[in-house]
Structures are given as C-alpha cells and as structure tokens.
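Take the sequence shown: its letter number 171 is residue 171 in the UniProt record's numbering, and every next letter is one higher.
Don't be surprised by glycine CBs; every beta carbon is placed ideally from N, CA and C.
Because the structure is a prediction, the values reported are computed rather than measured.
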Amino acid sequence: MEGNDDKKSLQGQQPPQTATKDNTISDSKNRKESKKFALQRISKKSADVSKKLQNRRLALEKREEEVRRSGEATSTNDRRAKTMLKVINRRMQVISHNGDVSSTHKNNEVPVSANVLPGSRKNGMVVAPKQQYSKEQLECLVDGLLELINRLTFNDNNMLERVNQLASNIRNLKDYSLVWTLNDSTPSTSHQVRNEACHSRRDSERYDEPCSYAVDNKGAAANRTSTKTKETKPKKEKKESSPQETLLKYINAIISEYYEDRQQNAKETPKIACALENLDDLESFSKLLVSAGLGRIVEKEIRINRKNNRQAFIAITEDREGLERDGIITLPVARRYAFDGDIVRAFVLHSSTSSNQAQGSELLTRKPRNASNASTSSKIVGGKENSICLADDEDPFDEGDLSQDTDLEDENLDMVDGTAYVSENCPKAFVISIVKHTELREVVGSIAFKNPTTLNSKTYFKLKPHDMKFPMVYIPTETCEEHIKAASKDDIVGMLCLAHILETDINGHCIGELLQPVGKVGNLEAEIKAILLHNGLKDLKPYDQKFYDLYDGPVPPITEEDLKQREDLRKKCIFTIDPLTARDLDDAVSVEKLSEDEYEIGVHISDVAHYLEENSELDNLVKERATSIYLVNEVIHMLPTSLCFRCSLLPGEDKFAFSVFWRWNAKQKEMCEPRFTRSVINSCSQFAYEHAQKILDNPEENFSRDDFPEIHNNFTPDDIKWRVLLLHSIAQELKGQRYSAGALSINNPKIRFSLDPVTGEPTAFEVEGRKEANFLIEEFMLLANQAVAKFIHQRFPNTSILRHHPPPLQKSMRALKDRLANLGLDFDISNSKSVYESMKRLCSQVSEPESVEACLNSLLTKPMARARYYCSEGRSSEADFWHYALSIPIYTHFTSPIRRYPDILVHRTLAASLNYCPPSKRTIDELHQLAKICNEQKNNAKNAGDESTDLFFVRYIKAKESITLRAVVVDIFQHMMNVVTIDTGHNFTITYKMQKVIIDTSNAPSHILISEKKSQMSPIKLQLFSTVDVRIVIRNNKTCAFLVSPDKSQRRQNCKESSKIRDKTSQSNITASNGDRTNSTSEPEEVDKENNSNKKGAIPKKTKKSNKKPQVVYALRPDTP
C-alpha cells in the first residue's frame, strides 16, 4: 500500500528533495526497530510464561506419578469403598429396624433401588436378604462386584457405556467410578488389570509416530471410559508429544518400573525422577542414578533388531559365559536415533528381581500378561475361509485376500504376545550420547517417485530400506528430478536405489540423498546388485586390464633357480578332489608308502603369495576385497581371473605350492609332527567328490580309465584307488579323535539351483548332500590349518593371523537347557563335547532323528558366535586362542589362498618362518586393521551369498505358485509358531489366525492343538520337535507359510470344494506367473570348495505331476494321500 501511495504522489510533481528522502527513511527505520523491540518483549514474555507452564505441568505429572505409584492410590479407592459401605449399612439398618417396612411392603418386598443389597427379584421388586451381612462380608462383596464389573467391561466398549449409563441414573452410584482406568488411582486389587492395559497400549504404540513409552498414564484404556455425552462432543485432535517429552516419559517410566520391581515392599522409598532440564545434561543425571545404585554407565556398540528397528540392545559385558543379559532400548529417541554399529555411551539399569526370575524355565512356563483375561478371549483361532487352503491340491491364490498380518513376525520374543518377553528379561537402558558414528550410512531400498510426503513444510519421497535395521529414509523431491527424468514411466513406480543418510532430524526422520539407481524392483539383475550394495560390497569394479595381462599367456617353465628353494614333487602321485564344476583348485593331496605300516601324507596348497607381492599395487586392491563372493548365478573372484587360472592346481601342469607332510603309523594310529616346504607339483588328475565316492562305495571293483577323469603322469586308476581308500580310513580315524576331544558340528543345509540358460531364473533346486568323500578332504584341510597355526605362532607370536571361535552365549544356552528340561529332556551344555553328545543322544531316541537334528541345529545356531580373524599380538591366555567348535587350542586359515586373503597373509608368515623370505613389513596396527577388514568382508560376502540363495528360492516359489515342505516345530507362541524345514533349513513363521485349520492355543506356549473343521479326526498336538507339512507361497513379495491339513481325506474334500474357485483363477494365475519371470558351526568355510554347480550340473528334483493348475511342486518328500 505504501508503494502505491508513493507512485500516486509522484505523478505530475517534481522529484522530492534529498532531505525529505532521508526523513522518510529514518522514520521507516525507527518504526521497524520499535516493532522489532516490541516483538522481542512479547517473545520473551511468552517464553517465560511457557517455561512456567512447562514447569507446572511437569510438577503436576510428577505428583500424578507419585500418587499412582504410592499407597495413596489404594487409599483413594478404599475411601470410596468405605463411603459405599456406610450407605449400604445405613440402608441395612433401615431394613432391619424400621418396623414400617413390613407394613408398607408386603412379604418383605421393597421397590427396586440402588440402596438395597442384592437379593432375588420378584415382580419388579427386590427381596431383601433375610440375614444381616458383616462388615468383612460387605467389603468382600463390594470388591467382588467391582472386579466383576471391570471384567465384564474389559475390551467391551458397548458394555462399558451401558454400565456407565445405568450407574448415572442410580442416585447412590452416580458419584462413584465403577470402572478403574489408567487415569484413576489404581486399587491394589487390580494391579494386573493395570499392567494389561499398559501392555495393550505398548503394542499399539510400537509403530506409531511419535510414540510414547508404554507406562504412560494416558493411554488407550483411558479412552475406553468415555461416555455417550463425551462422544457427542466434537473430537479434538490429539496433541503429539515432542521427542523431548517422549524421552522424558521413557526415562521416568523405566526408573519407576525399576523401583516398583525392586522396592515394592518398602513403605517409604526415596525416588529419583528426570526433569526436562536434565535432558540437556544426561551425563550428570546418569551419574546421579549410578550414585543412587540404580545402574551403570557403559560405552559399547549398539545393535538394532534386524526386524524391529525400534528395538536396540547394548552388551553390558564381553564375557560370553556370563549370564547377565544385554541392556534393551525400546524407543528410537531413547537411543538418540543411533544406527546399528554406532558406539554409544549409555546408562543401563541393574537387572530387576523379576527379570532374574523370568530366566530359565519361566521362558516356557510364564503366562502371558493378559492371562487373567483369557477367559473372556477366545483361545480357538484359525478356520479362515479365504486363507490358503490346507489340501494338497488346493489353489493358493483363491478368492479372498490375505491381510498384512501374514508378514513374518520378529524372531525376537518381544514381538510375540503371550510368551516370555525379551524386553522384560533385559535391563532397560537409554543412550546418553553417541561417541562414534558408524561409517555405514548408505542404504539400499525401493522408492516410488509419486505421492510425496510433507515434513516441516518440505516435500520428500519415501525410500523403504531392504535392511530392516534402518527406518524409512526421506529423500527431498528436488534432488530426485534427474533420477525421475532418467527413469522410464514404468520404472518411476518402483525403483531400487542406493541412498546416503545425511542426518536425522529432531523427530527421528532420516533425511538422505540418492547416490545411484540400481534398477527396477523385481528385475533379477537389479535385485542381485541391490544385495551386493546392501551388504557393503559396492567397490567390486573389474580390475584394470593391465592386471589381467600380467598373468595372461603361457606359464613360464620351471627353472633351476626355482628349484633351489622348492622341493620337486612332480613325479609324485598328487591329485585334487573338488566339486564337479570347480575351477579354482586350491588344494591337492598325496600318499606315499614308506614301509609296511608307515605312510607319508601330503597336503599341497597353491602358492598364491609367490605371485602376489606384498604391498604391490594389486596386493593393495586384493586386500580390500579380502574374499571371493559366491552367489547363486555367479562368482565374484577376489583375484583377477588370469591369476586364479595361473595358481589353480590343474592336472598335467607344473604349479608352485606350499606342502605339509605327516608320517602316519597305521599300526599305532598316530600322526607325527608336520613338515613344511615350498614345492613344485604336477597334479595327475582332477577328481570330483562323485569319483572319490564311487571308490569308497565300491572298494573291490576294478576301475578303468573310463570311470574317472583323465589321469596324467603314467599313473593308473589303481594308483589313485588305494590312496583314496587309505586317506578315507585315516580321515575316519582323525574325525573320531577330533569328536572325542570335543569337536562340535552343527550342519545347516545348503541348496543349489538349476537355472534357465536364457532368463537366468531358477527351474529346479536340490539340497547339497555331504558324503564321506567330502569329509575325507575336510579332515586333512583342518589338520593342515591347525598345524600351520601352531608353527607360525611359535616363530611369530605377535604378528600371526589366527582364527578364534568364542564359546556361545551361556544365558541363551541356559535358557535352551531349561526349556528342554521342561519336556523331560536332559541337555548338557557344559562344553562343546557335551553339547554334541547331547544332540546325538536326543536324535537317537526318536523315530525321526532328522527332524530333531534340524530343530536343534536351528536352536543352537542362534547362541553361537561367528569365528573371527585376529592378530596374535596382545593375546596370552588359552581362551584367547581356543576354537570352541573345533575344540582345539589354536587355528588359522591356510588352505584356500585363491579365495581368501587371510590365507595369503598366513602363507607369507609361513614362508618367513622357513627363512624363504624376510618377515612382513606391515606393522602390528596394520595387521589388526587387515584382520578387521577380512572379518567384515567375509561376513558381508556370506550374507550376500545367503540372501542370493533366498532370492532365487523366493523366485522359484513364485514361479511354481507354491511348494510343500516337511518342517519341524521350533517355537510355539500365543499367536504364532516358528518352524524350520527339515531338508532345506529355512525358517518360517506361521500365524494362527491366517490358517484354515482350527488351532487351540489354550496350552501355548507348551503346545497347540490343530484340527480340520469338517474332519472326524481327533486334534493333533504340536509341540517342540513335532513335524508338520507346510505350504509355502509368496504374498506381497514376502514368504508365507501355511499348515497342510493333517487329515488326508479332508485334503481331497478341500480340493473338491475349491475346484470352482480354481477354475476361475487358474488362467489369471498362469498369466501372472509368466509375467513375473523375465554351514556348519564347526567352520564349514575351512573346507568349502568353489562351487559353480548353480550354473550347470545341478540335478533337478522330481516334481509332483498334476493336470490341474496351478501345479504344486513337492521339492522334498511329499506325503501324498
């Protein structure tokens, strides 16, 4: 407006003088300063008022908390009860002493009123009781009636409203609250009801934002007490708590919970509460809690639950044999939004009495929190008409959509209602500060460039991470323009991208930026690339051509200079035994007879270190990769392929090797001390496990050259035959000695796929079998690794790269022991030997040992730690070197240098120990760092391999629409159970309410009963170790498992009933299907060979043929009707 007035005044006039301009500017400036000053005063006053209101509110909340926690809550309801009793007593006196009663009302009848005691009803009248109640009886009667009202109205809003309406119309009841809520002072008799209400809110708030801690006084239960008059009022928007308020509530709640558990019998207990100003200096407040004896301060790495990123754990101690549980944080704001792997400084409360009691046998016997309400809630679930049918031939894609509840639930017990909650058994904690951020701030996820979200007046696209440890990532829309332009219209709705997390805002939202597109969701190549990126394997570019050229071309002949420091073994009968399609041949074996009872056994390993010079340009690239990566459809080699080929011990070619020799006394069954040497070998044949197994299965057969691969160097099949038989007998002896010494083996099945040569999609799969030939090689590789570890550590005690496997978590092992004890099963966990013997004993006592073995393998895998590489500097005690699974004092990796960089480091140390070369020039710090890199890369590569197997397994199921597998029950909970497939080792979660069978959970978690609605069979009991058939289908890109009907006749009946649905949907299902198609714990990696059998040579499983669509493929033993 001022601008318009100025324009009008200037029309037809001369330009104003300079002084006038100066005055105008000065007045404007003064007005602005005056306005600014006024705003500052108003802002200051507002801040003061706001602060006073905040302090008042906190004081009121603190007072409210004290009232709720103290005995005043009980006394409040006691006063109400006493007032009620006085009214009743007065009415009793009127009934007992007023002579006019009988004359006024015949037959001792009075009008219906709230002021009479309960009696019999007659014609709209209430008959007064004939006898007078005592005070104690009246008190019990009042308590019982109030308890009855609360139970009748629990989780029933209609009943609750009706009770409140009736009570409001009764003169002597309208002033009293008949239903206890979280807002009311909780009476002593309803402690359990209060816990139930708190727990129900805890479940509902777990995934809401912003969330408040479970023990907040104002929860869902309070809302249930609203009357009809309240419902008529317009609904007010619920004010969301700020992160500061949520954190404050969380801290005070866990402290109050601690006091309640530890000092519930104390009359007067001094309590510490956190105020809002304490949040600015949590360090001082935490020290105050420590001085009060409530807990301790730790500085450890934080771990995020991989399926529930709201939940995090902090290890309190490094002692794996201790029984102390990790600290738990149940809200992201309470961990200061730290990421998995961050080093944090945290306060951890001491374990409460109830937490300690919850350990052990209570993991099975403890009732769910809402056990008191069990009578009012149904224990019979399932029977879902539109669920996946339980008949063998039913259509898994019939009408009726599955709900999102079919998503797999967290393996962590805290996600399961009605079982022992891990969060209750773990001491509560909160993060004071983040000491060090992890470098892993990159995440792979799917993003749809549509429907942006607004946060703080800015718009973002949501990126859903593949790794559930990460929350949703918000990408600013303005940074996505280039990616949207580059993508096609079809790709915009579902893209896989790599993003970098820049920051976490005050509300816990992760703000990030897109680094690179990966591909379209569902594309096989893009999904494989996403797996690599997700596991931190992004720097996998091909080597420069100069490195390939360096080792390409013909191999130079062996010279006299080479033989000066190498033993010439080219005339010896040395051969390899590997998977049928293996290309990288690291190891070979040999046997030479020295006398009637004495033999020389040799293990020969490719000398990769001879070609890979330490600290060279290529060496520095190789050490960052640290390992080869074995995916289903390809192998990403650690070394350039030309160097792999140069080092591979191919038959008929001279190769450099490192050899280890032992002398074996056949009579005494003893192996002498090893001898080490550099060597030159020439393998005479490349045997596969199948060829060696043929010899072991037919020891008396006369084999010809046509039975085996080509044999070089004038050796015959008989020359190899007797050596394989002797090596097998020695391996059996070594294996027996190893297990007698305490070795433990937990075998998890591995599967391999046959792939379509055009699309690369899986067409069949099989479970890899391990026969005697596999164990033959395994024993000698383990023997060589152990011998080399001992030798190099004796000569280089501070710079040797070794491998350590710590003992399992004793708290988890103790829980497993107590769990099995509840079933009457003895399971000794004192050491690895006792664990393995207990496994064998349990398996031998049942009719289906393979099911018990699969179940125990699954249960024992969780407590087991991963073996790790380490530099020997600073290690002195026996426990620092001990390998738990192998039960040996020292161990390393030496036998696979083509695919593992630690083996190359060990080769260099061994060469220096034998004076072939000077010691490594790397410092101890560099060796520690190299060991860390090797551990990380090995874990990343293993995870990537496992995820690629799962990816192809899911795509196989999706193409076949469903498969049926035999499984064994591992865990039973109130609303679901976990099973593991016997032959493939896959873990699945079965949600009861999505099943078509009827499931009785009255006795969960001990056992459940399943039955078919129309079956005449008796219910079948399922408990730990029970076997069951499960149908596996893919819904919403998630693997879902459903129980197959135990009644074979009912399967056929179900099939008939669903035939009409199948006829309608089979054609659409076929179209959709076509459209979609474009280890053991005892160190299995010690002897794993390169396995390219996924590309070719895999044996397809037989499928169950059917003329009906969709075809159901039984990947394993089908139990057909």
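- Taking C-alpha positions only, R814 is separated from K840 by approximately 19 Å.
- Cβ neighbours of M472 within its own chain (closer than 6 Å, five residues either side excluded): K462.
- The Cβ atoms of T799 and S872 sit closer than 8 Å to each other.
- The straight-line gap separating the alpha-carbon atoms of D552 and N633 is approximately 25 Å.
- The Cβ atoms of S286 and I272 do not sit closer than 8 Å to each other.
- Looking at K1013, K811, L1009, V1028, the one whose alpha-carbon comes closest to that of P1019 is L1009.
- At the C-beta level, P709 and Q686 come within 8 Å of one another.
- Listed as beta-bridge partners of A688 by DSSP are D578.
- The beta strand (DSSP E) runs of length 3 or more contained entirely in the segment 1001-1026 are, from start to end of the chain, 1008-1011, 1020-1022.
- Looking at the backbone, the Cα of A167 and that of I149 are separated by about 11 Å.
- A straight line joining the alpha-carbon of Q244 with that of L279 spans about 8 Å.
- According to DSSP, residue pairing for L463 in a beta bridge involves I447, V473.
- Bridge pairing for I329: A312 [DSSP].
- Listed in chain order, the beta strand (DSSP E) runs fully inside the segment 739-763 are 751-755, counting runs of at least 3 residues.
- A check of alpha carbon separations from V1044 across V968, H1007, D983 identifies V968 as the nearest.
- The Cβ-Cβ distance between L621 and Y543 falls below 8 Å.
- Within the segment 795-861, the complete beta strand (DSSP E) segments at least 3 residues long are 801-804, listed from N- to C-terminus.
- In this structure, G742 lies away from S851, with their beta-carbon atoms at least 8 Å apart.
- Counted as a single uninterrupted DSSP element, the alpha helix (DSSP H) harbouring S286 occupies residues 282-291.
- D654 is bridged by DSSP to N682.
- Secondary structure at M671: strand, using DSSP grouped into helix, strand and coil.
- Exclusion of the five residues before and after E525 leaves G519 as the residues of its chain whose Cβ lies within less than 7 Å of its Cβ.
- Between F1042 and R1031, the C-beta spacing is below 8 Å.
- Below 8 Å, too few C-beta pairs join the segment 938-955 and the segment 815-830 to call them touching: fewer than three.
- Separation of the CB atoms of T627 and Y891 is rounded to 18 Å, and the pair is thereby denied contact status at 8 Å.
- Three or more Cβ pairs closer than 8 Å define a contact, and the segment 925-934 falls short of that threshold against the segment 651-669.
- Shortest Cα-Cα distance from D706 to any of P699, H691, N713 involves H691.
- Between the segment 339-348 and the segment 446-453 there are fewer than three C-beta pairs closer than 8 Å, too few to call the two in contact.
- As far as DSSP is concerned, I484 takes part in no beta bridge.
- Close CB contacts of L455 within its chain, under the 7 Å cut and outside five residues either way in sequence, are with Y474, H509 (chain order).
- Secondary structure note for L515: it is in no alpha helix (DSSP H), and the uninterrupted beta strand (DSSP E) holding it is 510-520.
- In this model, C644 and E733 are separated by some 34 Å (Cα to Cα).
- Contact annotation: L783 and L727 have beta-carbon atoms that are not nearer than 8 Å.
- In the three-state scheme derived from DSSP, where H, G and I count as helix and E and B as strand, I558 is classed as coil.
- For H893, the three-state secondary structure derived from DSSP is coil.
- In terms of CA proximity to Q516, I484 leads the group Q545, D505, V493, I484.
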